[in-house]
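Residue numbers (our numbering): 2 to 539.
Following: one structure in structure tokens, then a few remarks.
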Amino acid sequence: MGIKSASPVMPCALFERRATLALLSSLALLANGCSGPVEPWCSAPAEAVEYVDIATDWGLVDTVDGNAERYEHNPVAMADLDGDGDDDILLAHREEGLVLHRNTGGSFSQELLLESHMLTSIALGDVDGDRDLDVALFGWTKHPKLLLNDGDGGFTDATENSGFADIFYSKDPHVSIAVRHAAFGDLDGDGVLDLFLSLATQAEQLVPEAMDRLLLGDGTGRFSDTADRFDETQRTGLSWATVFVDFDLDGDQDLYTVTSEQSDHGPSRLLQNDGQDADGAFVFSDLSESCSCSWTGSTMGVTEADFNLDGLPDFYLTNTGPSLLLLNLGDGTFANAAAAMGASTLTDVNAMTYGAAIFDHDNDGWLDILTAAGPLRGENEMPPQPEAQPDVLLKGGPDGFTDISAEMGVDDVEAGRGVAVGLLDDDGMLEAVVTHLDAPSRLFRSACTANRALVVDLVGHPPNTFGIGARVEVELSDRVLSRTITTNGGWGSSIHPRAHFGLGDEEVSSLMVTWPSGTTQQVDIDPWAEGRIEVEEP
């Protein structure tokens, strides 16, 4: 769909202070009837970012479980699940089940929500339009779950009426159905969240029920399969992750699915959304053979971000071997710039990376990359995979990335899997959680620094109340930072749908929101703004 004419400039940005959290964020708005606190967001800045692992102190569930297998488990999500302004954590412990960590301000209160084992994916989205985040769960159990959020962080199992139960079973006992990743987006542009499931389908098991699935939401928490409206040739492969992404900036969401063991099971797929035909079938231009983004090795996960600040969505792929950073060239093709930009992570061709978070860890205005690494094996080792594979933190800057893993103390050599980032407290610095298999998981926090930050929450028209798919742009003096509103946090994991911008000490020239409807909205904001704001869809 095309871009609609811009709406009038808002006289001031909307913001909230939640007294329960004392969110005295310093938001210096234009003086059009609005005023903000004079104190900076970080009232006692540290000289530099120093990560401290607070997993034990806060009470993150222990992921040491005595299970020697190293498969794709322990996904994680970090988001505000109870509407109190700070983020909570969901961790799908492979032996215990889904554990909710309610953020009580300095510690977690744990609650076992489900005794579902061996889960591989947590997807967050407001599926019923009531502006709280619901939870879809998938994995090896073949028993998907949908939990509806009551707004206070309580959940109701709504699986029975979700439409999930009829989809994931094969009459053939030799067919294995395993969902590797689930992601929410809006493919048909109706404002209702849809759900794409990446299934690891063996080439010899290409039956319809084992292929990738697009489930259309109806806005009440019920989903329907679109197998009869989706070309089977566009749903095959050993799929590990998918992103909804408007890579061509034409106003609708496209699909990029990455696959593993491509030499045996086929390439990754880039499907350009061309709408629907008269019968309601989805029409795609399959760019997989021409995009230079399909033959990427044995890919585990994908995240989207604008790495080179040209306004176009790029892709970061975790992999067997060095990770890939695919720059969007704007013509339907991509170029791998990982080596040139210093973003290759592990150089061993047999090393494996899984979850990856793209975020500004130090609020300096440049995106950074945190990646979890570790071997894949059953009870017995699978040589020649290296056993000790460190997690990696890459610091971004104008000249590319620098590995600061050891310096920041994130270089664990356990079997890393899920990664998520969020705001556990109100200081503008993002915390990061990294899960491991049969080893302690980590929760990294740093005191805030003098670098400013801006956090933008969108209030969209129901049912897309968080504005998933919207694009938020902040213009600085010499560059434009852009973020896509999504809950997709990389392989298996989810994040809160918000836009976080590190600003360093630079002025803000403008703030622009492009809504999924195509409406553009310019928000008046002071050049030295910082803090948390809400922007309502006009």
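For glycine and all other residues, C-beta sits at the position ideal for the given N, C-alpha and C.
- Considering only 188, 426 and 341, the residue with the shortest C-alpha distance to residue 55 is 426.
- A direct Cα-to-Cα measurement between residue 496 and residue 128 gives close to 16 Å.
- Rounded to the nearest whole angstrom, the CA to CA distance from residue 268 to residue 247 is 20 Å.
- Taking C-beta separations shorter than 8 Å and ignoring five residues to either side along the sequence, the partners of residue 302 in its chain run 182, 241, 242, 259, 318, 319, 354, 355, 356, 357, 491, 492 and 493, following chain order.
- The Cβ-Cβ distance between residue 375 and residue 390 falls below 8 Å.
- The three-state secondary structure of residue 265, taken from DSSP, is helix.
- Residues of the same chain with a CB within less than 6 Å of the CB of residue 500, apart from the 5 flanking positions on each side, are 457, 473 and 484 in chain order.
- By the criterion of at least three beta-carbon pairs nearer than 8 Å, the region 445 to 464 is not in contact with the region 334 to 349.
- For residue 92, the pairing in a beta bridge is given by DSSP as 77 and 100.
- The three-state reading of DSSP puts residue 235 in helix, counting H, G and I together.
- Remark: C-beta atoms of residue 286 and residue 273 approach each other more closely than 8 Å.
- Proximity to residue 88 across 428, 519, 276 and 523 peaks at 428, based on C-alpha coordinates.
- For residue 340, the closest of 279, 65, 433 and 404 by C-alpha to C-alpha distance is 404.
- With contacts defined as CB atoms closer than 8 Å, residue 487 and residue 364 fail to qualify as a contacting pair.
- Runs of beta strand (DSSP E) with 3 or more residues, each lying fully within the region 121 to 146, are found at 135 to 140, listed in chain order.
- One thing to note: residue 298 has its Cβ within 8 Å of the Cβ of residue 322.
- Boundaries of the alpha helix (DSSP H) harbouring residue 57: 56 to 59, taken from the DSSP string.
- Assigned with DSSP and collapsed to three states, residue 305 falls in strand.
- The beta carbons of residue 59 and residue 531 sit no closer together than 8 Å.
- Note that the C-beta distance between residue 92 and residue 104 is not below 8 Å.
- In the DSSP assignment, the residues bridged to residue 402 are 397.
- If you check the CB distance, residue 328 and residue 309 come in under 8 Å.
- Just so you know, the alpha carbons of residue 157 and residue 64 end up roughly 25 Å apart.
- Straight-line spacing of the CA atoms in residue 263 and residue 239 works out to 8 Å.
- Annotated three-state conformation of residue 212 is coil, per DSSP.
- In this structure, residue 469 sits near residue 187, with a CB-CB distance shorter than 8 Å.
- Closest by C-alpha distance to residue 119, out of 112, 130, 394 and 94, is 94.
- Inter-residue distance for residue 82 and residue 152 is about 7 Å (C-alpha atoms, whole angstroms).
- Per the DSSP secondary-structure output, residue 522 pairs in a beta bridge with 514.
- DSSP places residue 499 in the coil class of the three-state scheme, outside both helix and strand.
- Only residues of its own chain outside the window of five on either side were considered, and among them 395, 401, 402, 403 and 404 have a CB closer than 8 Å to the CB of residue 343, listed in chain order.
- Note on geometry: alpha-carbon atoms of residue 536 and residue 130 lie some 17 Å from one another.
- By the beta-carbon neighbour count (other beta carbons within 10 angstroms, threshold 16), residue 465 is buried.
- Within the model, the alpha-carbon separation for residue 422 versus residue 434 is close to 6 Å.
- Between the beta-carbon of residue 184 and that of residue 197 there is about 5 Å, and that keeps the pair under the 8 Å contact cut.
- A residue is called buried once 16 or more other Cβ atoms fall within 10 Å of its Cβ, and residue 53, having fewer, is exposed.
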